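Chemist: If you read the sequences in order, they're chains A and B. Residue 103 in our numbering sits at position 103 of the first sequence, and the numbers go up by one each step. Residue 378 in our numbering sits at position 159 of the second sequence, and the numbers go up by one each step.
Protein chains: 2
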Amino acid sequence: MLDKHNIAVVDDHTLFRKGLISLIKVFPNFDVILEASNGKDFIQRLNPEQLPEIVLMDISMPEMDGYATCEWLKSHYPSIKVLALSTMDAETAIIKMIRSGAKGYIVKDADLSELKLAFSELLSIGFFYNELVSRKVIHSISKIVEDNDAVTALQKLSDNELTFLRLSCSEKTYQEIANEMFKSEKTIDGYRAELFKKLNVSSRVGMVMYAIKNGFVEL
Amino acid sequence: MLDKHNIAVVDDHTLFRKGLISLIKVFPNFDVILEASNGKDFIQRLNPEQLPEIVLMDISMPEMDGYATCEWLKSHYPSIKVLALSTMDAETAIIKMIRSGAKGYIVKDADLSELKLAFSELLSIGFFYNELVSRKVIHSISKIVEDNDAVTALQKLSDNELTFLRLSCSEKTYQEIANEMFKSEKTIDGYRAELFKKLNVSSRVGMVMYAIKNGFVEL
DNA sequence: TTAAAAATTAGGGTTTTCCCTGTTTTTTTG
DNA sequence: CAAAAAAACAGGGAAAACCCTAATTTTTAA
Numbered sequence: 001m002l003d004k005h006n007i008a009v010v011d012d013h014t015l016f017r018k019g020l021i022s023l024i025k026v027f028p029n030f031d032v033i034l035e036a037s038n039g040k041d042f043i044q045r046l047n048p049e050q051l052p053e054i055v056l057m058d059i060s061m062p063e064m065d066g067y068a069t070c071e072w073l074k075s076h077y078p079s080i081k082v083l084a085l086s087t088m089d090a091e092t093a094i095i096k097m098i099r100s101g102a103k104g105y106i107v108k109d110a111d112l113s114e115l116k117l118a119f120s121e122l123l124s125i126g127f128f129y130n131e132l133v134s135r136k137v138i139h140s141i142s143k144i145v146e147d148n149d150a151v152t153a154l155q156k157l158s159d160n161e162l163t164f165l166r167l168s169c170s171e172k173t174y175q176e177i178a179n180e181m182f183k184s185e186k187t188i189d190g191y192r193a194e195l196f197k198k199l200n201v202s203s204r205v206g207m208v209m210y211a212i213k214n215g216f217v218e219l
Numbered sequence: 220m221l222d223k224h225n226i227a228v229v230d231d232h233t234l235f236r237k238g239l240i241s242l243i244k245v246f247p248n249f250d251v252i253l254e255a256s257n258g259k260d261f262i263q264r265l266n267p268e269q270l271p272e273i274v275l276m277d278i279s280m281p282e283m284d285g286y287a288t289c290e291w292l293k294s295h296y297p298s299i300k301v302l303a304l305s306t307m308d309a310e311t312a313i314i315k316m317i318r319s320g321a322k323g324y325i326v327k328d329a330d331l332s333e334l335k336l337a338f339s340e341l342l343s344i345g346f347f348y349n350e351l352v353s354r355k356v357i358h359s360i361s362k363i364v365e366d367n368d369a370v371t372a373l374q375k376l377s378d379n380e381l382t383f384l385r386l387s388c389s390e391k392t393y394q395e396i397a398n399e400m401f402k403s404e405k406t407i408d409g410y411r412a413e414l415f416k417k418l419n420v421s422s423r424v425g426m427v428m429y430a431i432k433n434g435f436v437e438l
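#1: Leaving aside the five residues before and after Phe338 (chain B) along the sequence, list all residues of the same chain whose C-beta is less than 7 Å from its C-beta, in chain order.
#2: Please report the Cβ distance between Asp11 (chain A) and Asp58 (chain A), rounded to the nearest whole angstrom; I am assuming they are in contact, meaning their Cβ atoms lie under 8 Å.
#3: Let me know if Glu146 (chain A) comes out buried or exposed under the rule of 16 or more other beta-carbons within 10 Å of its beta-carbon.
#4: Which value, in whole angstroms, describes the spacing of the CA atoms of Lys322 (chain B) and Ser113 (chain A)?
#5: For the beta strand (DSSP E) containing Ser86 (chain A), name the first residue and the last one.
#6: Starting from the C-beta of Val228 (chain B), find all residues in its chain whose C-beta is less than 7 Å away, skip the five residues before and the five after it, and write them out in chain order.
#7: Under 8 Å, with one C-beta from each stretch per pair, do the stretch 157–165 of chain A and the stretch 180–188 of chain A reach the 3-pair mark?
#8: The beta strand (DSSP E) with Tyr324 (chain B) in it runs from where to where?
#9: Could you spell out where the alpha helix (DSSP H) holding His232 (chain B) opens and where it closes?
#10: Excluding the five sequence neighbours on either side, which residues of its own chain have a C-beta within less than 8 Å of the C-beta of Asn266 (chain B), listed in chain order?
#11: Roughly how many angstroms separate the alpha carbons of Thr311 (chain B) and Glu395 (chain B), rounded to a whole number?
#12: Alpha carbons only, please: which of A:His13, A:Ser158, A:Ile24, A:Asp3 is nearest the one belonging to Thr306 (chain B)?
#13: DSSP three-state call for Phe128 (chain A): helix, strand or coil?
#14: Mapping DSSP to helix, strand and coil, what is Phe249 (chain B)?
#15: With a threshold of 8 Å between beta carbons, is Lys432 (chain B) in contact with chain A?
#16: Output the boundary residues of the alpha helix (DSSP H) element that contains Met283 (chain B).
#17: Going by DSSP, what residues sit across from His224 (chain B) in a beta bridge?
#18: Could you tell me whether any Cβ in chain A is nearer than 8 Å to the Cβ of Arg411 (chain B)?
#19: Since Ile273 (chain B) sits in a beta bridge, which residues does DSSP pair it with?
#20: For Val208 (chain A), go through chain B and note every residue whose CB falls closer than 8 Å to its CB, in chain order.
#21: Going by other Cβ atoms of all chains shown within 10 Å of its Cβ, with 16 needed for buried, is Ala193 (chain A) buried or exposed?
#22: Taking CB distances under 8 Å as the criterion, tell me whether Asp111 (chain A) reaches chain B.
#23: Among A:Lys25, A:Leu51, A:Pro62, which has the Cα closest to the Cα of Lys40 (chain A)?
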């Protein structure tokens, strides 16, 4: 009897998670030893005595999202391989997840054989970059050539900028956001100007659309 | 041997669909006889010789979405019960789906027991309105009391209002939108005011968020 | 411990958005 | 056809968003 490879599944949608686990259990040489509904939950449940080899992880989750969890794993258990799982095929999401340390990326409408392939490749060669991911990555690199720091700029929003961005996705005025963040209106105006530059937009609506497209806010 | 109840599953995310099917197969008295990746696909595969009793249907799908498919079923096979399935717990989505003929609504992070309960109730009493749905429906009705035609108004955006709404989800100014629509700025301002009332928002950002949440615009 | 860098605050002006109250024009309907 | 309803358009004003430049404070790093 061969011993099975251990998988963890982290996704906040219970039905999806349970379904996924049920699918994986059919694979003869994989076993799900851990399931969690978000990053925080995952870290709590993680047992150092029995670590998973692969973590199948959703990106957008409450409490602690895929990016943060991936970063945490990178620094605490670098040998655990994260396979990111998302509905979004947005370039920035993929790039960001890979930057956070994910070894592969798979979309939710992939089929079963692709999931199996991803598992195998992660174990054999250590990563899984399918056609979709490769295309996005290449496109991203070609953008770097055009604009030296577009991608890095995207990733590097300060905490305040991120908070401001999230609060902007509402009917609050900048004035109200300033109060909520205990900052002067002028500081807020600075965040706005900085974000306009970084995100390459020119209006609040553009900023909001960007935030939504790239999963910075929950809808 | 009891004969099983036939279920159909319609969802564009293959992994989720397969997982769901795998879960349902564990239920002793339910069987999945049909799966499809969107409404159009579903209608094509539907075999009048062997109809499902329940269709578990996602709302947002390419080609033909949940609302349209539900409407089609209502007129062609009214006895088939649709259980809507969505990540969104947005009131308008729920109301819209129920208006389209769905007999129940379940969110993707429900657990397995709730799904089973939904199936049972659909078969026994013909509908499944859980706490979430009831709350939204009641809230929606209470809005009707306040404003006689709030819900119908939501559905009834004129072509111009819809075009304006879509164009507003961009960095265009109202001035530019007016030009694009060959209307005066003041007419556009009228659309805006009307939409603010109908959608119950008070800023352009609110309007844009509403449009995105309720699928009026492609991201 | 200082110079440099980054964050915060400020002044002040332009544009856009928002919100009234109307009038005119077009469409619908009895 | 005439009345009613709906759509388009308008003036004008207040609030919010946008966009400069620049001073001050805080943080970082040599």
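Each residue gets a CB set at the ideal place from its N, CA and C atoms; glycine is no exception. Predicted, not measured: the structure shown is a model, and the values here were computed from it.
Modeler: Reading off the structure:
#1: By one-based count along the second sequence, residue 338 (chain B) stands at place 119. Taken in chain order, the residues that qualify are Phe249, Ile273.
#2: Your numbering for residue 11 (chain A) matches position 11 in the first sequence. Your numbering for residue 58 (chain A) matches position 58 in the first sequence. Right, the Cβ-Cβ distance comes to about 4 Å (below 8 Å), so this counts as a contact.
#3: For the purposes of this step, residue 146 (chain A) is taken as residue 146 along the first sequence, with counting starting at 1. Legend: pLDDT at Glu146 (chain A) = 35, less than 50; position of this residue unreliable, no value from coordinates given.
#4: Here residue 322 (chain B) refers to the residue found at position 103 when the second sequence is read from its first residue. Here residue 113 (chain A) refers to the residue found at position 113 when the first sequence is read from its first residue. If I take the Cα positions, the gap works out to 34 Å.
#5: Stepping through the first sequence from its first residue, residue 86 (chain A) is reached at position 86. Its beta strand (DSSP E) spans residues 81–86.
#6: If you number the second sequence from 1, residue 228 (chain B) lands on position 9. Sequence-distant partners of Val228 (chain B) (beyond 5 residues in either direction) whose C-beta falls short of 7 Å from its own C-beta, in its chain, are Arg236, Leu239, Ile240, Val251, Glu254, Leu275.
#7: Cβ pair count under 8 Å is three or more, so yes.
#8: In the second sequence, residue 324 (chain B) corresponds to position 105, counting from 1. Here the beta strand (DSSP E) through Tyr324 (chain B) covers 323–326.
#9: Taking the first residue of the second sequence as position 1, residue 232 (chain B) is located at position 13. Run containing His232 (chain B): none; DSSP gives neither H nor E here.
#10: As a position in the second sequence, residue 266 (chain B) is number 47, starting the count at 1. Same-chain partners within the cutoff: Leu253.
#11: Here the question's residue 311 (chain B) lines up with position 92 in the second sequence. Here the question's residue 395 (chain B) lines up with position 176 in the second sequence. Each residue's CA atom was taken as its position, placing Thr311 (chain B) and Glu395 (chain B) some 30 Å apart.
#12: Within the second sequence, residue 306 (chain B) is the residue found at index 87, counting from 1. When each option's Cα is compared against that of Thr306 (chain B), the closest is A:His13.
#13: Taking the first sequence and counting its residues from 1, one reaches residue 128 (chain A) at position 128. Strand at Phe128 (chain A).
#14: As a position in the second sequence, residue 249 (chain B) is number 30, starting the count at 1. Strand, per DSSP.
#15: As a position in the second sequence, residue 432 (chain B) is number 213, starting the count at 1. True, the Cβ-Cβ gap to chain A drops below 8 Å.
#16: Counting from 1 along the second sequence, the entry for residue 283 (chain B) is found at position 64. First-last for Met283 (chain B): undefined, no H or E at that position.
#17: Along the second sequence, one-based indexing puts residue 224 (chain B) at 5. Per DSSP, B:Phe249.
#18: As a first step, residue 411 (chain B) must be located in the second sequence, where it is residue number 192. Arg411 (chain B) does not count as touching chain A.
#19: Within the second sequence, the letter at position 54 stands for residue 273 (chain B). Paired residue(s): B:Ile226, B:Lys300.
#20: Taking the first residue of the first sequence as position 1, residue 208 (chain A) is located at position 208. Within chain B, the residues Val424, Val427, Met428 have their CB atoms less than 8 Å from the CB of Val208 (chain A), given in chain order.
#21: Sequence index remark: in the first sequence, residue 193 (chain A) carries index 193 (1-based). When all chains shown are included, Ala193 (chain A) counts as exposed.
#22: As a working mapping, residue 111 (chain A) is identified with position 111 in the first sequence. Flagged as an interface residue toward chain B: Asp111 (chain A), by a C-beta distance shorter than 8 Å.
#23: Numbered from 1 along the first sequence, position 40 holds the residue referred to as residue 40 (chain A). Ranking A:Lys25, A:Leu51, A:Pro62 by CA distance to the CA of Lys40 (chain A) puts A:Pro62 first.
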